[in-house]
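Peer 1: Dropping the structure in here first, questions after.
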Amino acid sequence: MTRLDDLKAKVNLDNLPKHVAIIMDGNGRWAQKRSLPRNFGHQEGMERVIEIVECASQLGIKYLTLYAFSTENWKRPKTEIDGLMKILVLYIRRELDRLHKNNIKLNILGDISKLPELPRKEVIKAIDKTKNNTKMVLNIALNYGGRDEIINGIKDLYKDIEVGKINYDEIDANLFSNYLYTKGQPDPDLVIRPSGELRISNFLLYQIAYSEFWFSDILWPDFKENNLYEAIIDYQNRNRRFGGI
Ligand code: IPE
Ligand code: IPE
Ligand code: MG
9 MTRLDDLKAK VNLDNLPKHV AIIMDGNGRW AQKRSLPRNF GHQEGMERVI
59 EIVECASQLG IKYLTLYAFS TENWKRPKTE IDGLMKILVL YIRRELDRLH
109 KNNIKLNILG DISKLPELPR KEVIKAIDKT KNNTKMVLNI ALNYGGRDEI
159 INGIKDLYKD IEVGKINYDE IDANLFSNYL YTKGQPDPDL VIRPSGELRI
209 SNFLLYQIAY SEFWFSDILW PDFKENNLYE AIIDYQNRNR RFGGI
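First residue of the sequence shown? That's 9 in our numbering, and the numbers climb one at a time after it.
Okay, structure coming up:
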C-alpha cells in the first residue's frame with residue numbers, strides 16, 4: 009500500500025469539508041533553493057494547481073478556493089507580475105476544456121477589471137464557458153484582498169440602501185455575505201497555508217470566522233495529493249464548536 013492509498017482509506021467521505029481554501033505560497037523560495045528565477049517556482053506551482061483541482065473534485069469537495077494573486081502582490085517587480093499573468097493565461101488555455109469536461113465551474117474572487125487585457129479576456133471566457141457546471145466551484149482569488157472585498161461590499165450595500173432596495177434594519181451577517189465575492193457559497197471549513205508562514209495575508213477575512221487552519225512547511229510547488237489528504241484527515245479530527253460547548 010502506498011502512503012496515498014493509506015490516506016485514502018483513512019479519509020471519511022461523510023465528513024468532507026465543503027469548502028477548502030488554499031494560500032498557495034512558497035513558489036519563490038522553491039525556485040531560490042534551486043538557484044532558479046522566481047517565475048520557475050510559479051510555473052511549477054501551476055502544475056500543482058492542476059493536480060490539486062483534479063484531486064479535490066474527484067474526492068467530492070464542493071468549493072475549492074485558490075489564492076493566486078493578492079491586491080498587495082502588485083508591489084512585486086514588473087517581470088514577476090508579467091510572468092504570473094502569462095502563467096494564468098497558459099493555465100486557462102491548457103485546462104479550460106478539462107475543467108469544463110469535469111463539470112467544474114470557474115469563478116473569480118477579486119477585481120479583475122484591473123488585470124491586463126489578455127488575462128482578463130481569457131478569465132471572462134472561462135467563467136462564461138463553465139457557468140452552468142455543477143460538480144465543484146473553483147474560486148481563483150485574483151487581485152483579491154479581504155479588506156478590499158469588505159469595503160466594496162459596503163459600497164454596494166450603501167447604494168442598495170440609497171435606492172431603497174435594502175432597509176437599514178435588514179442588515180445582518182447573512183445579508184452582508186451576499187455583498188462579498190463568495191456570495192451564495194458556504195464559508196471555508198478548512199484553510200490551508202503551506203510554506204511555513206503563519207499568517208492570513210488578507211485572505212477571506214470575513215469568511216474565515218470559524219474556519220479550521222492547517223499550516224505546513226511544505227512549499228506550494230512541493231504540495232501533493234498526499235498533503236491535501238493529510239490536511240483533510242487532520243480537519244476531520246478537529247472538534248468544531250462554533251462558540252458552543
Ligand atoms: C506564492 O508564492 C505565489 C504568489 C504570491 C503569487 P510566493 O511568490 O509568495 O513565494 P515566496 O513566498 O516568495 O516563497
Ligand atoms: C499570499 O502570499 C498571497 C498569495 C498566495 C497569492 P504572499 O507571499 O503575498 O504573502 P506574504 O507577503 O508572505 O504575507
Ligand atoms: Mg509568499
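No residue lacks a Cβ here, since even glycine has one placed at the ideal position from N, Cα and C.
Here the structure is a predicted model, which is why all the values come from computation and not from measurement.
(1) Beta-carbon of residue 238 versus every beta-carbon of chain C: anything under 8 Å?
(2) Comparing C-alpha positions only, which one of 216, 18, 213 and 99 sits nearest to residue 61?
(3) Starting from residue 93 and walking both ways along the alpha helix (DSSP H), at which residues does that stretch end?
(4) Is residue 185 near ligand 1, going by C-beta to nearest heavy atom under 7 Å?
(5) Can the beta-carbon of residue 220 be found less than 8 Å from the beta-carbon of residue 246?
(6) Quick check: the segment 110-118 against the segment 134-154, are at least 3 beta-carbon pairs closer than 8 Å?
(7) For residue 133, which residues from the same chain have a beta carbon less than 8 Å from its beta carbon, with the 5 sequence-adjacent residues on both sides left out?
(8) Hey, how far is the Cα of residue 66 from the Cα of residue 215?
(9) Which class does residue 80 belong to by DSSP, given the choice of helix, strand or coil?
(10) Mind listing which residues have their beta carbon within less than 5 Å of any non-hydrogen atom of ligand 1? Chain order is fine.
Peer 2: Looking at the atomic coordinates:
(1) Of the protein chains in this structure there is only one, and it is not chain C.
(2) Residue 99 is the option with its Cα nearest to residue 61.
(3) Taken as a continuous stretch (DSSP letters only), the alpha helix (DSSP H) holding residue 93 covers 86-109.
(4) Every heavy atom of ligand 1 is 7 Å or more from the Cβ of residue 185, so no.
(5) Against a cut-off of 8 Å, the Cβ pair of residue 246 and residue 220 comes out as a contact.
(6) Taking a contact to require three or more Cβ pairs closer than 8 Å, the segment 134-154 and the segment 110-118 qualify as touching.
(7) Contacts found: 100 and 104.
(8) Distance between the alpha carbons of residue 66 and residue 215: 25 Å.
(9) Per DSSP, reduced to three states, the secondary structure at residue 80 is coil, with no helix or strand assignment.
(10) Working through the chain, the matches are 33, 34, 35, 36 and 37.
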